[in-house]
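J.: Here it is: the structure, laid out below.
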Amino acid sequence: MAAILGAQAGWLFVLFDRGWYLQSEISNLADARNASLDWHYLSESLGGHLSPVIRLEYWLLAHLAPLNYSLTIVLRVLGCVAATYLLYRLLVALVGPCWLVTAVTLVYAVSPLTVPGASWLTSAVDLVPSHVLLLLSLLAFLRFLDSGGLRAAAVSGIWLSLAIFTGSGTLAELVVYPVLAFGFLYRGNLRERWGQAVGQRYGWLVLLSPLVCFATLFLSKRSDYATGAHPLSLSDGLLLVRNEWLKAVGPILVGGPWSWFAQPNIFVGYAAPPPTVIIAGQVAFVVLLVLGFTVTRWASVVAWSMPVCTAVGSVLIVGIGRYGVYGQLIPLTLRYSYPVAIPLALAVVLSLRPVNRSGDAAATPRDEELRPARLGENRPLLAVVCVLLVLSSALSAWRFSDDFARNPTRAYVANLTSALGHPGGHVALYDSMLPTQIVSGVEPHHHVSDLLDLAGLRASFDDSSTVPLMVAGDGHLVPVTFVDAAVGVGGTSPKCGFYLSGAGRWQIPLTPAVPRAEWFLQLSLYQANPSTIDVQIVDDHRNEVAPIGGSRLTITATLAQVNRRLPLSAPTSVIITSEDRHASICLAGVAIGAPFPKAG
């Protein structure tokens, strides 16, 4: 096991280091950077989910080590190694130490079910810790079934609650608890097993109480957490389940999917198993099912119900919340199949080995009962199968990381750091949007200022004494052309434009009408003395909206160009207010538009 864990750590470190921060994690880190650590922040919807543990993770990363990607690699590797070790302990606790347990643990350590989800930080902050927490809960659950003690049930419930509040995908794995209890650990016929459960009813209530807490909090703000959720049609649901089994879970049994597809600006690949891998996966499933039936009879069917139910539940939970966006890509996104990994490992072991709980004489099989199980103790056969599965899984993982390594964010930040990282530097920039391949515009924090703050870089976004530069798509700084979409009309003087004298309020209409977007406001002016004015825009709903950073502007230069980013709006006019009786400003130009890199 030490060798397995060490090899897993080294392999994952190489894979994870090929990628970098991408998309929503940059936005989430920027959000956490400016937030107070309170319940309002922790309970706020995160992509439509109630995930206070994930928000806590982002807050700690943003404040203790912003953009320290190496730290995230170490934490994820440690989490994956811890999950592998805990799974080994769980399997040993169920069937005792044997070569089959070691083999299954080895395959789990490199499984393509877990590598894609752990490679991308966006999904790893949810999936990796929730796996560790669920395994801790299951180990405490076994102690509860053995002793019936409420303390063990409470410990299991605490770990389970943390797992659920880390990732809602844990809900699909809850089937493991009753299947393990009624299918393998309680003894006797169905009535006797039910009686044992009734005798431990208070422990079960304590154990499952986290579900009540989660449901209560979720339903209290359902409109926030269930964004995008809608009923699935029967045909869409069945197709999701079909593809989940044929193209996700099945190929995993032979180390698939081997191949992935991703568009040029998409760096998290979708599984694209060739027909041979799909067929081989289903053949492997039939072989395992038949072999399991010869060893443990109907217990093998019960064991395989765990990954089947988890796969169905997982893909339908995601489908309800994401089908309108991803459609049938959901089963091909293997991070959504991550919850199947633990039930799948349990199914393989429990279908090929009878449960052998330490200290339970009634549960200890006789030697003749163990003879069929020696199919799972054929060391040469297990060695060959393991080597083939490990090589196949490694191929799948490496090909996935090929797409992930194309992520341009690391090079983008390196170029920014080169331009802005020198001591004493002062650069005026437009706070433009980040390239969509780095952070999508649908994310709440997707501007240059968000990334600079995380990277510890400084630039000025409100310097009116010089013409700002712009960050190009590769992170280099370039000169800018400001393209007008609408201009102010109705100037009072051909030479001065709009003359603002003394205290007052002036409303300058804009033409032509512009659509709703993230515009910039540009004011070109000259003045005799420094001045302070208040600037707002009126949108198409007649609301007065302040520029990002506030409406109050203090202008000291004689010749000045003010550039302010506006929130999402459709400006129709600009309102300027002055409280200075001595103000004397010639506002030569008022424009709504956007900056673009100069040609060449």
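Numbered according to this note's numbering, the sequence shown terminates at residue 601, and the numbering increases by one at each position without gaps. In this text, a Cβ means the ideal position worked out from N, Cα and C, and glycines have one as well.
Which value, in whole angstroms, describes the spacing of the CA atoms of Gly-565 and Ala-547?
T.: One point to set straight first is that residue 565 is Arg, not Gly, in the sequence displayed. Taking the straight line from one Cα to the other gives about 10 Å.
J.: For Arg-565, list the residues DSSP reports as bridge partners.
T.: Residue pairing by DSSP puts Arg-565 in a beta bridge opposite Leu-522.
J.: Please report how far the alpha carbon of His-447 lies from the alpha carbon of Gly-594, in whole angstroms.
T.: 19 Å
J.: Going by the DSSP bridge assignment, what does Thr-555 pair with across the sheet?
T.: According to DSSP, which records beta bridges pairwise, Thr-555 is partnered with Thr-533.
J.: If you compare alpha carbons, which of Ala-514, Val-472 and Ala-473 is closest to Val-488?
T.: Cα-wise, what sits closest to Val-488 is Ala-514.
J.: Determine the DSSP secondary structure at Arg-375, reduced to helix, strand or coil.
T.: With a pLDDT of 49 at Arg-375, under the threshold of 50, the modelled position of this residue cannot be trusted; read the value that follows with caution. Residue state, collapsed to three classes: helix.
J.: Hey, how far is the Cα of Asn-530 from the Cα of Thr-559?
T.: 7 Å
J.: Please check the pair Trp-259 and Tyr-271, which I expect to be a contact at CB under 8 Å, by giving their CB distance rounded to whole angstroms.
T.: About 13 Å; that fails the 8 Å criterion.
J.: Give me, in chain order, the residues of the same chain whose beta-carbon lies closer than 7 Å to that of Pro-53; leave out the 5 immediate sequence neighbours on both sides.
T.: Leu-43, Ser-44 and Phe-166
J.: Anyone know if the C-beta pair for Leu-290 and Ser-301 falls short of 9 Å?
T.: yes
J.: Quick one: give me the first and last residue of the beta strand (DSSP E) that Arg-506 is part of.
T.: 505-512
J.: Does the Cβ-Cβ distance between Val-278 and Gly-293 come in under 9 Å?
T.: no
J.: Just tell me which of Pro-572, Leu-233, Leu-511 and Leu-38 has its CA closest to the CA of Asp-541.
T.: Per the Cα distances, Pro-572.
J.: Report the start-end ranges of each alpha helix (DSSP H) in the segment 233-257 that is 4 residues or longer and not cut off at the edges.
T.: 235-244
J.: State the DSSP-derived secondary structure class of Ala-362, mapped to helix, strand or coil.
T.: Because the pLDDT of Ala-362 is 37, which lies under 50, any placement of that residue in the model is unreliable, and the number read from its coordinates should be weighed accordingly. Look at Ala-362 here: in three-state DSSP terms it is helix.
J.: Near Val-15, what residues of its chain come up, given a Cβ to Cβ distance below 8 Å and the 5 sequence neighbours on each side ignored?
T.: none
J.: Determine the DSSP secondary structure at Leu-588, reduced to helix, strand or coil.
T.: strand
J.: Roughly how many angstroms lie between the CA atoms of Ile-253 and Pro-275, to the nearest whole one?
T.: A straight line joining the alpha-carbon of Ile-253 with that of Pro-275 spans about 13 Å.
J.: Please list the terminal residues of the continuous alpha helix (DSSP H) segment that includes Tyr-1.
T.: Since the first residue shown for the chain is 2 and the last is 601, residue 1 is missing from the structure and cannot be characterised.
J.: Using a Cβ-Cβ cut-off of 8 Å (strictly less than) and excluding sequence neighbours within five positions of Leu-92, which residues of its own chain qualify?
T.: Only Val-102, Val-105, Thr-106, Ala-346, Leu-347 and Val-350 meet the Cβ criterion.
J.: Would you tell me roughly how many angstroms separate the C-alpha atoms of Val-484 and Phe-597, rounded to the nearest one?
T.: 7 Å
J.: The beta strand (DSSP E) with Tyr-327 in it runs from where to where?
T.: Premise fails: Tyr-327 lies in the alpha helix (DSSP H), 299-327, not in any beta strand (DSSP E).
J.: Pair every Cβ in the segment 323-343 with every Cβ in the segment 110-125, then say whether three or more of these pairs are closer than 8 Å.
T.: yes
J.: Helix, strand or coil for Val-385 per DSSP?
T.: helix
J.: In three-state DSSP terms, what is Val-1?
T.: Only positions 2 to 601 of the chain appear in the structure, and residue 1 is not among them; the question remains open.
J.: Could you say which of Gly-196, Val-316 and Phe-401 lies nearest to Ile-267 if we only look at CA atoms?
T.: Phe-401
J.: In whole angstroms, what is the alpha-carbon distance linking Asn-29 and Ser-441?
T.: 12 Å
J.: How about Ile-55 and Val-126: are their beta carbons less than 9 Å apart?
T.: yes
J.: Do Gly-498 and Cys-587 have their beta-carbon atoms positioned less than 9 Å apart in this structure?
T.: Less than 9 Å divides the Cβ of Cys-587 from the Cβ of Gly-498.
J.: Determine, using beta carbons only, whether Leu-175 and Leu-134 come nearer to each other than 9 Å.
T.: no
J.: Does Met-2 come out as helix, strand or coil in the three-state DSSP assignment?
T.: coil
J.: Just to confirm my understanding: we take Trp-12, look at its own chain, exclude 5 residues before and 5 after, and list those with CB closer than 7 Å. What are they?
T.: Val-111
J.: Alpha carbon to alpha carbon, how far is Ala-281 from Pro-480?
T.: 57 Å
J.: Closest to Gly-158 by C-alpha separation, out of Cys-214, Tyr-70, Ala-420 and Cys-310, would be which residue?
T.: Cys-214
J.: Only counting runs of 4 or more residues, tell me where the alpha helix (DSSP H) segments fall wholly within the segment 30-93, in order along the chain.
T.: As for any alpha helix (DSSP H) of minimum length 4 sitting wholly inside the segment 30-93, the runs are 40-44 and 53-65, ordered along the chain.
J.: With contact counted as at least three CB pairs below 8 Å, one residue from each stretch, are the segment 567-582 and the segment 458-475 in contact?
T.: no
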